[in-house]
Structure formats: structure tokens, C-alpha cells
Amino acid sequence: MQLINQQVVQQMIDGFKDEDLYIHLEMTTGAYAAHLDSSKHPAANFITNAAIRYSHGSIAGSGPFRVGLKMEQGWIYSEGLTHWEETETDRLLLAGHDGQGKLIVSLQLSRVPF
Amino acid sequence: MGQHILVILPHPDDEAFTVSGTLAKHIQDGAYVTYACLTLGEMGRNMGIPPFANRVTLPAIRKIELEESCRAIGIQDLRMLGFHDKTLEFEDQDRLDGQILSLIEELKPSIVYTFYPGHSVHPDHDACGEAVVRTIGRLPKEERPIVYCVAFSKNHQQVIGKPMLINDVKLFLQQKIASIQAHRSQFQAAELMGNKPLEDEEIQARYGTERFWIYPFQ
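Right, dumping it as C-alpha cells:
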């Protein structure tokens, strides 16, 4: 993955507009968070291959980035995104990695299931 | 043919720090080892530094790493059971237990290695250990393999006591370190090892023993 190129990611978000899509959305502190530091509260969630459709969306910030996608009924929101996969042209793979390179957040869109 | 040993762990890399030296010793002694790895660690957070994996490519990368780790240890038979990372505790128990039972019936191992249920920190570790002891516990006493469990939760020794088996694996550090290094998306070997040789005291102290508890079936 590479550091996010905001302009290209925005073009991809525009390219997926008004289409039936599959989303993978995830955020995690890691399963060992509390084992390594008892003051930490371990939390995680992910949803894979939920069907969505948005009428407009954008990437904001100056890095780490935020993405908001407006659907007919509600929103999709993600914060802390740092990386994107530049070799994927038919899918948008975004992720946020912390200082140790560990994934904290990811937002992925595809026309076919992941 | 020597002893047949079955290892049942949920993630590629779970074998590396916990049991790889012990398995290398078993194999040198003539054992045949089957490693049933329940998932491909699809939800792992480590993607390499700088990240060379992503959420989509990670399972295929970890599969290759797992195969390399097994070659390093000398494991003869690797089975990837195709469950999904993080979901074992929610999986259909009959399906999970059924797959474990069919492995035991097929292989008739004398020893099974797994995680100690309730003392292994990660929910998948505990769910894996629970499924193994649940399945083996249903067998008639005389058909049960001995179950050696790995435990590392904070309070585990207060509840389950001192380890019952402390294996010295210093002679097998080459295999063990190669197993750890095989998982290059997950561990930065340079960070773990420094540039220290295998004979280094710190390396020997850190990786030279593996500890197990025998699961006490009722």
C-alpha cells in the first residue's frame, strides 16, 4: 500500500457513485490491547460484504484522512485513513495504519463481493 | 512409524512462539506431525513494515508464510480448515467439533497440542481450545489422546498452577527462529532478534523453553 493520494481516491469515490456496491468497514484496537496494557479497552468491529449505494462521497483532511459517503438513508463515515492500494483499479482499498504499521481502520468498496 | 501428533491452533503464526521447538524435537525423534490451522488470520492487523499486504491480500500471503513455517519446523502434514479469523466463538459448534473429530478419527494421534481454554487471551485461541477439549472429552477415556495446552493469560498460574511440561528447545532454535521469520508480514524478525546469534544468552532465555499444561479431563 502507499500513502493516500487524495486526488486519485476522490476520483475513485466519484466513479463508484450511484452503483450497487459491497463494503468492508472495520475498526480495531487489536485483540491483545488489554493484555499488553490493562488500561486499554479492547474494541473492534467489522462488517463485510454489506450491500450499499451512495449518491455522493468525498475524502477530507490533510492526512490521516476522513471519508464520508452519503446514502439515501444514512451515512458511512471513517476516520484515520492513511494508505490506499494503488494496484487495485476496480476496487477501492483504504486503510489506516498506526506508527507501528498496524491496521486500525479500513474502508473498502467493490462491485463484487470481497 | 513413530508417534502421531496433532496440533490444532487457530492462526498462522500461533505455532511459532508456542510449540515450534517442541515439534521440531518430536520430528527429529521420528514423529509424524499434522498441523490443523483453523483460519488464515484474515483479520490480522500487521501488514508488514512498510505494509506489503492489505486486508484483501493478507490471507493468501499468510497461507504462504504458514507453509514456509511448517517446512522450517519439518511438519509433514498441514491442513488449513478454512474457518474465518475472529469468528470461531460464534461458529456452528457442531461443524467445528465435527471437523476436529474427523481429524482425530483419521489420524489417531497420541498427543494433541492446542490452547488452554480460558487462559489464552485471544477469543479465537480460547474457542479453539474449548472445541478441542469438548470434542476429545466426548471420547471414551481410553481413546483420548493426551492434550498439551499452551496458556499465557495474566493470571493463568494462579488458576491452573505451574506448567507441567517445560521443554528445553535450545537445540531447535534454528527451526524455531526460521518458523518465526517465515511469518514476515506479522513479525519484524530484526526487531525480535537484533543481530544476535542463536547462541546469545538473551535469545536462548527468551525462546529456549516452551511450556505446557496437560488438560485435566474429568
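Going down the list, the protein sequences come from chains A and B. This note's numbering numbers the first residue of the first sequence as 1 and each following residue consecutively. This note's numbering numbers the first residue of the second sequence as 1001 and each following residue consecutively. C-beta: ideal position from N, C-alpha, C; glycine also. From a predicted model like this one, the values you see are computed outputs, not experimental measurements.
For the pair of segments examined, the stretch 1159-1177 of chain B was found to touch the stretch 1019-1036 of chain B: the number of CB pairs separated by less than 8 Å reaches three. Look at isoleucine 1214(B) here: in three-state DSSP terms it is strand. In summary, the residues of the stretch 72-106 of chain A whose CB is separated from some CB of chain B by less than 7 Å are His83, Glu85, Leu93, Ala95, His97, Gly101, Lys102, Leu103, Ser106, in the order they occur in the chain.
Listed in chain order, the alpha helix (DSSP H) runs fully inside the stretch 1050-1086 of chain B are 1058-1073, counting runs of at least 4 residues. Residue nearest to glycine 57(A) within the set His24(A), Glu85(A), Lys17(A) is Lys17(A) (criterion: CA-CA distance).
With its beta carbon at least 8 Å from every one in chain A, valine 1147(B) lies outside the interface. By the CB criterion at 8 Å, alanine 1182(B) and glutamate 1065(B) fall inside the cutoff. Between isoleucine 1049(B) and glycine 101(A) the beta-carbon gap is near 4 Å, inside 8 Å, which marks them as a contact.
With respect to the 8 Å criterion, threonine 1114(B) and cysteine 1070(B) are not classified as neighbours on the basis of their beta carbons. Per the coordinates, the alpha-carbon of phenylalanine 1212(B) lies some 16 Å from the alpha-carbon of lysine 1170(B).
The closest CA to that of proline 1145(B), considering only Pro1012(B), Glu1106(B), Gln1186(B), Asp1094(B), is found on Glu1106(B). Taking 8 Å as the CB threshold, proline 1123(B) lines the interface with chain A. In the three-state reduction of the DSSP assignment, serine 55(A) falls in the strand class.
Taking a contact as a CB-CB distance under 8 Å, the pair proline 1012(B) and cysteine 1128(B) does not count as one, their CB atoms being some 13 Å apart. Counting every other CB atom within 10 Å of its CB across the protein chains shown gives tryptophan 75(A) a total below 16, marking it as exposed. If you draw a 10 Å sphere on the C-beta of arginine 66(A), you find fewer than 16 other C-beta atoms in it, and that means exposed.
Minimum Cα-Cα distance from phenylalanine 1052(B) among the listed residues Gln1188(B), Met1080(B), Phe1217(B) corresponds to Gln1188(B).
Judged by beta-carbon spacing, tyrosine 54(A) lies beyond the 8 Å limit of serine 110(A), meaning their Cβ atoms are not closer than that value.
In terms of beta-carbon proximity, isoleucine 1180(B) stays away from the interface with chain A, with every pair separated by 8 Å or more. For the pair isoleucine 13(A) and leucine 92(A), the CB atoms are nearer than the 8 Å cut-off. Here arginine 1079(B) is not near alanine 1031(B), since their CB atoms are 8 Å or more apart. Cβ contact annotation for isoleucine 1100(B) (same chain, cutoff 7 Å, sequence separation greater than five): Ile1008, Ala1131, Val1132, Thr1135, in chain order.
When His1125(B), Arg1062(B), Gly1082(B), Ile1073(B) are compared, the shortest CA-CA separation from glutamate 1089(B) is found for His1125(B).
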